[in-house]
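**Q** Chains as they are written, first to last, in the numbering used here: chain A, 6 to 215; chain B, 6 to 215.
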DNA sequence: ATTGACATACCAACCGGTATGTATGTTTAT
DNA sequence: ATAAACATACATACCGGTTGGTATGTCAAT
């Protein structure tokens, strides 16, 4: 075996090339939407050519699908799903996640990458719709699990419908993201965070006296 | 003045032509998004030619702007703003409006026309962003006014922040619309309606005993 | 007769996709 | 061990259909 088998910057590195295409594609799609973005702009940003793109992906649509499955899925995984699954105090963790939302105008104007693609593409191409739907479903399911676990440990009222509340949290969160994007207003996001946190705290059991 | 000045189907009817372009444009944009829709498809649906289109509008963007200002604005006006402004029982009217949401899968899969355009175009072209933002703002303002009036007449707790609650109602409503669109699920919309109505009812004052 | 309100025909550029060439690994037969 | 044979991973150049937009002609109303 030679000294450096794979760590040195090989000119041939399919994994790296694919990753660069995904990242560049994500950024361009985030800027201009999927239908509005230009493949050549993606290629320029990724520093590869069209041959490389069409070696790794069958079509522009296929690249979009991969962006959803790899990049967007990882974002929600890192920010929401993994912390919730690993948490011993799910309700507190959920609140911490929501409070961790970036509320500057810049981020607000960008919107939620998942929702951006979902709203633009759901009616246009079924592959996008199915994948965004799957991501939303997993997201809601994971929040619902967290709320159910919170109930089991007594930090959430037993009579609340965990699944309905999970759906509500995700919907309201995305709704605030949507409004804030159009208004380019971090303040709207801040208000949304406060509203959601306040709502979640209202679902805690009454402190028992005596 | 001649017998029939304008009521008979004149071959030359600029108002009607413009309206047909707006309606056809709205439908195509609702189907495929703004960037994805085809001008020729709009022309075919409207039954006019490209000359007519570019006589009434300077560009595709200008048509999109007019769709927002005329068609989309009228939809929210008819469904939300006018009923709220004319109501003597604003909280009940607000609830009735929300409960009037069509919750079949078909409507759910379409999403909210305003939000569709807002999410797709806000970062792409400032004219769209400004117009969707104006519509969202008017919407929220009108709900806030209704809630304030509800407070004045004692049907809403005095300590609630009417503006924050208005923002919340619109955001949550749009959020449910977004999720329901991706999931193609009228059931999600139904759940959202119930959740929102329940929330609004929780803001009513406690019934006074004695 | 002049202006508004269209229709027809056409253009030019963009852009997704392809055809083809080539350099770089990987396997296989000897 | 080594070279042939093959597969993978790109690069380059180009195509052609789509599509927003325009130039020009025509008809109707005042």
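Every residue gets a Cβ at the ideal spot worked out from N, C-alpha and C, and that includes glycine.
#1: Helix, strand or coil for residue 190 (chain A) per DSSP?
#2: Give me the Cα-Cα distance between residue 102 (chain A) and residue 62 (chain B), rounded to the nearest whole angstrom.
#3: Output, in chain order, the set of chain B residues within a Cβ distance shorter than 9 Å of residue 165 (chain A).
#4: Excluding the five sequence neighbours on either side, which residues of its own chain have a C-beta within less than 8 Å of the C-beta of residue 108 (chain B), listed in chain order?
#5: Residues of chain B with CB closer than 8 Å to the CB of residue 186 (chain A), please, in chain order.
#6: In angstroms, rounded to a whole number, what distance separates the CA positions of residue 32 (chain B) and residue 72 (chain B)?
#7: In its own chain, which residues sit with a C-beta less than 7 Å from the C-beta of residue 52 (chain A), not counting the 5 before and 5 after it?
#8: Please determine if the stretch 140-152 of chain A and the stretch 161-173 of chain A are in contact, where contact requires at least 3 C-beta pairs separated by less than 8 Å.
#9: With distances taken from CA atoms, which of A:112, A:188, A:30 and A:74 is nearest residue 47 (chain A)?
#10: In its own chain, which residues sit with a C-beta less than 7 Å from the C-beta of residue 104 (chain B), not counting the 5 before and 5 after it?
#11: Would you call the stretch 176-187 of chain B and the stretch 174-188 of chain A in contact, with 3 or more CB pairs under 8 Å?
#12: If you drop the 5 nearest sequence neighbours on each side, which residues of the same chain put their C-beta closer than 6 Å to that of residue 11 (chain A)?
#13: Please classify residue 183 (chain A): is it buried, with 16 or more other beta-carbons within 10 angstroms of its beta-carbon, or exposed?
#14: Would you call the CB atoms of residue 167 (chain B) and residue 158 (chain B) closer than 8 Å?
#15: State the Cα-Cα distance for the pair residue 15 (chain B) and residue 154 (chain B), rounded to the nearest angstrom.
#16: Could you tell me whether the Cβ of residue 25 (chain B) comes closer than 8 Å to any Cβ of chain A?
#17: Would DSSP call residue 38 (chain A) helix, strand or coil?
#18: Comparing C-alpha positions only, which one of B:138, B:204 and B:122 sits nearest to residue 66 (chain B)?
#19: Starting from residue 191 (chain A), find everything on chain B with Cβ-Cβ shorter than 9 Å and list it in chain order.
#20: Beta-carbon within less than 8 Å of residue 35 (chain B)'s beta-carbon, same chain only, minus the 5 sequence neighbours each way: which residues are those?
#21: Give the secondary structure of residue 210 (chain A) by DSSP, where H, G and I count as helix, E and B as strand, and everything else as coil.
#22: Closest Cβ-Cβ distance between residue 107 (chain B) and chain A: below 8 Å?
#23: Residues of chain B with a CB under 8 Å from the CB of residue 120 (chain A): which are they?
#24: Residue 124 (chain A) lies in the alpha helix (DSSP H); which residues open and close that run?
#25: Return the first residue and the last residue of the alpha helix (DSSP H) that residue 164 (chain B) is part of.
#26: On the DSSP letters alone, give me the boundaries of the alpha helix (DSSP H) that residue 142 (chain B) sits inside.
#27: Where does residue 215 (chain B) land, buried or exposed, given buried means 16+ other C-beta within 10 angstroms?
#28: By the criterion of Cβ-Cβ separation under 8 Å, what are the contact partners of residue 137 (chain A) in chain B?
#29: Output needed for residue 85 (chain B): all residues of its chain with C-beta closer than 8 Å, excluding positions within five of it in sequence on either side, in chain order.
#30: Measure how close the beta-carbons of residue 136 (chain B) and residue 74 (chain B) come, nearest whole angstrom, since I'm counting them as under 8 Å.
#31: Among B:186, B:205, B:28 and B:207, which has the Cα closest to the Cα of residue 110 (chain B)?
#32: How many angstroms separate the CA atom of residue 254 (chain B) from the CA atom of residue 165 (chain B)?
#33: Contact criterion: CB-CB distance below 8 Å. Does residue 175 (chain B) meet it with respect to chain A?
#34: Can you check which of these residues, A:28, A:96 and A:91, is closest to residue 76 (chain A) by C-alpha distance?
#35: So what does DSSP say about residue 20 (chain A), is it helix, strand or coil?
#36: Going by Cα to Cα distance, which pick from B:160, B:40 and B:188 is closest to residue 68 (chain B)?
**A** According to the data block:
#1: Here residue 190 (chain A) is taken as the residue at index 185 of the first chain, counted from 1. Reduced to three states, the DSSP call for residue 190 (chain A) is coil.
#2: Translated into the one-based positions of the first chain, residue 102 (chain A) becomes position 97. Translated into the one-based positions of the second chain, residue 62 (chain B) becomes position 57. Taking the straight line from one Cα to the other gives about 46 Å.
#3: The sequence position of residue 165 (chain A) within the first chain is 160, counting from 1. Neighbours of residue 165 (chain A) on chain B: none; closest Cβ ~11 Å, over 9 Å.
#4: Sequence index remark: in the second chain, residue 108 (chain B) carries index 103 (1-based). Correct list, in chain order: 191, 192, 194, 195 and 198.
#5: In the first chain, residue 186 (chain A) corresponds to position 181, counting from 1. Under the 8 Å cutoff, chain B gives 123, 124, 127 and 128.
#6: Here residue 32 (chain B) corresponds to residue number 27 of the second chain, with the count starting at 1. Here residue 72 (chain B) corresponds to residue number 67 of the second chain, with the count starting at 1. Each residue's alpha carbon lies about 10 Å from the other.
#7: If you number the first chain from 1, residue 52 (chain A) lands on position 47. Excluding its 5 nearest sequence neighbours in each direction, residue 52 (chain A) has C-beta neighbours in its own chain below 7 Å: 25, listed in chain order.
#8: yes
#9: The residue labelled residue 47 (chain A) in the question sits at position 42 within the first chain. Residue 47 (chain A) has its Cα closest to that of A:30, out of A:112, A:188, A:30 and A:74.
#10: To locate residue 104 (chain B), count along the second chain from 1; it is residue 99. Taken in chain order, the residues that qualify are 198 and 202.
#11: yes
#12: Walking along the first chain from the start, residue 11 (chain A) turns up at place 6. Low per-residue confidence applies at residue 11 (chain A): pLDDT is 34, beneath 50, and the placement is therefore not dependable, though the value from the model is reported in the following sentence. Within the same chain, residue 11 (chain A) has no close Cβ partners at all.
#13: Against the first chain, residue 183 (chain A) aligns to sequence position 178. Burial call: buried.
#14: Position 162 of the second chain, counted from the first residue, corresponds to residue 167 (chain B). Position 153 of the second chain, counted from the first residue, corresponds to residue 158 (chain B). Result no, Cβ atoms of residue 167 (chain B) and residue 158 (chain B) do not sit closer than 8 Å.
#15: Here residue 15 (chain B) is taken as the residue at index 10 of the second chain, counted from 1. Here residue 154 (chain B) is taken as the residue at index 149 of the second chain, counted from 1. Because the pLDDT at residue 15 (chain B) is just 48, under 50, the model does not fix this residue reliably, and the point stays unresolved.
#16: Within the second chain, the letter at position 20 stands for residue 25 (chain B). Taking Cβ atoms only, chain A never reaches closer than 8 Å to residue 25 (chain B), which makes this a no.
#17: Numbered from 1 along the first chain, position 33 holds the residue referred to as residue 38 (chain A). It is coil, neither helix nor strand.
#18: Sequence index remark: in the second chain, residue 66 (chain B) carries index 61 (1-based). For the residues B:138, B:204 and B:122, the minimum Cα distance to residue 66 (chain B) belongs to B:122.
#19: If you number the first chain from 1, residue 191 (chain A) lands on position 186. Residues of chain B passing the Cβ test: none, with the nearest at roughly 14 Å.
#20: Looking up residue 35 (chain B) in the second chain gives position 30. The residues are 115, 118 and 121.
#21: Looking up residue 210 (chain A) in the first chain gives position 205. In this structure, residue 210 (chain A) counts as coil in the three-state DSSP scheme.
#22: For the purposes of this step, residue 107 (chain B) is taken as the residue at position 102 of the second chain. Cβ-Cβ to chain A under 8 Å: no for residue 107 (chain B).
#23: To locate residue 120 (chain A), count along the first chain from 1; it is residue 115. Per Cβ cutoff of 8 Å: 124 and 183.
#24: What you label residue 124 (chain A) is simply residue 119 of the first chain in a count that begins at 1. Unbroken alpha helix (DSSP H) run through residue 124 (chain A): 118-126.
#25: Here residue 164 (chain B) is taken as the residue at index 159 of the second chain, counted from 1. No alpha helix (DSSP H) contains residue 164 (chain B), which DSSP labels as neither H nor E.
#26: As a position in the second chain, residue 142 (chain B) is number 137, starting the count at 1. Judged by DSSP secondary structure, residue 142 (chain B) falls within the alpha helix (DSSP H) whose first and last residues are 131-157.
#27: Counting from one through the second chain, the residue named residue 215 (chain B) turns up at place 210. With a pLDDT of 49 at residue 215 (chain B), under the threshold of 50, the modelled position of this residue cannot be trusted; read the value that follows with caution. Its Cβ having fewer than 16 others within 10 Å, residue 215 (chain B) is exposed.
#28: Here the question's residue 137 (chain A) lines up with position 132 in the first chain. The contacting residues are 187.
#29: Mapped onto the second chain, residue 85 (chain B) falls at position 80. In the same chain as residue 85 (chain B), and ignoring 5 residues on each side of it, the C-beta atoms closer than 8 Å to its own belong to 102, 144, 147 and 148, in chain order.
#30: Translated into positions along the second chain, residue 136 (chain B) becomes position 131. Translated into positions along the second chain, residue 74 (chain B) becomes position 69. Contact flag correct, Cβ pair sits at about 6 Å.
#31: Working through the second chain from its first residue, we reach residue 110 (chain B) at position 105. Considering only alpha carbons, the answer is B:186.
#32: In the structure displayed, chain B extends from 6 to 215; residue 254 (chain B) sits before or after that span and is not available.
#33: Reading the second chain from its first residue, position 170 is the one you call residue 175 (chain B). Output row for residue 175 (chain B): interface = yes.
#34: Within the first chain, the letter at position 71 stands for residue 76 (chain A). For the residues A:28, A:96 and A:91, the minimum Cα distance to residue 76 (chain A) belongs to A:28.
#35: Residue mapping note: residue 20 (chain A) aligns to position 15 of the first chain, counting from 1. Helix at residue 20 (chain A).
#36: For the purposes of this step, residue 68 (chain B) is taken as the residue at position 63 of the second chain. Minimum Cα distance to residue 68 (chain B) is reached at B:40.
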